[in-house]
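First to last, the protein sequences are chains A and B.
Residues in the first sequence are numbered from 0 upward in steps of one, following numbering that gives the first Met the number 0.
Residues in the second sequence are numbered from 0 upward in steps of one, following numbering that gives the first Met the number 0.
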Amino acid sequence: MGTVTQTIQAVPINHYILLASLLFTIGVMGVLVRRNAIVIFMSIELMLNAVNILLAAFSAYRGDASGQVFVFFIMAVAAAEVAVGLAIIVMIYRNTRSIDINILNKLKG
Amino acid sequence: MSHSLFYLLSFITLFFALLVVFAKNPIHSALYMVMTFFAITCQYLILNAQFLAIVNFIVYMGAIMVLILFSIMFLNLNQATEPQKSSLLKFAGVISAGLLMLTLVGAILKTGGGDVPFELIKPDIGLVKNLGKVLFNEFLLPFEIASVLLLSAMVGAVLLAKKDIN
């Protein structure tokens, strides 16, 4: 374990924040660029993971375990979200034979 | 060794995340996503958050990605059925995301103060033993509520996905 903890000591916290914001931006880009509902879903998972990395890094940085417990809760909620979301996508596919989100524009009020 | 491991893992994470977004075939997107999650698991390991690494490995790489891959195969999606945005909209999306990145990175660099090398004050907070103590003392109520949430999500998913029997 000694080598593991030594590994991290040379990395400034800023680089973790940069990594997380770049990953978050890639997720936003995926939501904006793609039209496939499942790929948009995966992009949202990317954004959640960016936040998870940031929380874990801050938790290790401050020596406070609450951040890592929060990451655990985010993972639980993400699992529930994926289950319900994929069920909705399967239902949409059954009704429209497509998972193109542009078909869903009839949801407009 | 030393800290170059972090930069290597960051590069792998961002590279595969970009491939997730730009792969034409949804199956390839999902497989690149598995690689991204694997790199993130390694990030947790070098942060010495071993519990999170294991949970990330089992829940994200195991459960969630299998669920997504299964539904992609179930819906028979491939390159031929993939809907494409017009290139103008794609360009606009990339530009907007780039502007967001510019704002975030600029704000971080301008704030400063985070350049001191990282020091793990308590290196063992991420171990299962310590996290279990925190989880079952301070966060007992949210933990129980999370179980109710998972149960209701399961019921909701079954209810949504099953065919109407009329």
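C-beta atoms are modelled at their ideal positions from N, C-alpha and C, and glycine is treated no differently.
How long is the line joining the alpha carbons of residue i and residue j, rounded to whole angstroms?
i	j	result
B/L103	B/N24	30 angstroms
A/I100	B/D123	45 angstroms
A/A75	A/V30	22 angstroms
B/A16	B/V33	10 angstroms
B/L126	B/G105	35 angstroms
B/K53	A/S97	Residue identity check: residue 53 of chain B is Ile in the sequence provided, not Lys. The alpha-carbon atoms of B/I53 and A/S97 are separated by roughly 36 angstroms.
A/N48	B/L150	23 angstroms
B/F5	B/I11	10 angstroms
A/T133	B/S28	This structure gives no information on residue 133 of chain A, because the portion of chain A shown stretches from 0 to 108.
B/L134	A/I39	32 angstroms
B/L174	A/L22	Because chain B in this structure spans residues 0 to 165, residue 174 of chain B falls outside the shown range and cannot be described.
B/A96	B/F90	10 angstroms
A/N94	B/F142	37 angstroms
A/S105	A/V50	Reading off the sequence shown, one finds Lys at residue 105 of chain A, where the question assumed Ser. Whole-angstrom Cα-Cα distance: 32 angstroms.
A/G62	B/P116	15 angstroms
B/I45	B/L7	12 angstroms
B/S148	B/L108	For clarity, residue 148 of chain B is Leu in the given sequence; the question names Ser instead. If you take the alpha carbons of B/L148 and B/L108, they lie about 39 angstroms apart.
B/F138	A/I73	13 angstroms
B/G111	B/A38	27 angstroms
B/M100	B/K132	38 angstroms
A/M90	B/L66	15 angstroms
A/R34	B/L98	21 angstroms
Between residue i and the rest of its own chain, which residues show a CB-CB distance below 8 angstroms, the 5 nearest in sequence each way excluded?
i	result
A/M41	G29
A/I88	A36, I37, F40, I98
B/I26	L68, I71, M72, L76, N77
By Cβ distance, which residues of its chain are closer than 6 angstroms to residue i, with the 5 residues on each side in sequence left out?
i	result
B/K128	none
B/L18	Y31
B/Y59	F36
A/A77	L47
A/G26	S42, L45, M46
A/I52	A19
A/N13	none
Around the C-beta of residue i, are 16 or more other C-beta atoms found within 10 angstroms, so that it is buried, or is it exposed?
i	result
B/I71	buried
B/E83	This sequence places Gln at residue 83 of chain B; Glu is not what is there. Counting Cβ neighbours within 10 Å, B/Q83 comes out exposed, since fewer than 16 surround it.
B/M64	buried
A/I16	buried
A/V81	buried
B/N47	buried
A/L103	exposed
B/S86	exposed
B/L76	buried
B/S9	buried
Could you tell me whether the Cβ atoms of residue i and residue j are closer together than 8 angstroms?
i	j	result
A/A64	B/L119	no
A/Q67	B/L51	yes
A/A55	A/V70	yes
B/A156	A/V83	yes
B/T40	B/F56	yes
B/A160	A/A79	no
A/P11	B/D163	no
B/L74	A/Y92	yes
A/V32	B/V93	yes
Could you name the residues that DSSP lists as bridge partners for residue i?
i	result
A/N35	A/D99
A/P11	B/P116
Within a Cβ cutoff of 7 angstroms, which residues of the same chain sit near residue i, ignoring the five residues on either side of it in sequence?
i	result
B/Q78	K23, N24
Using a Cβ cut-off of 7 angstroms, pull out every chain E residue sitting near residue i, in sequence order please.
i	result
B/A38	No chain E is part of this structure, whose protein chains are labelled A and B.
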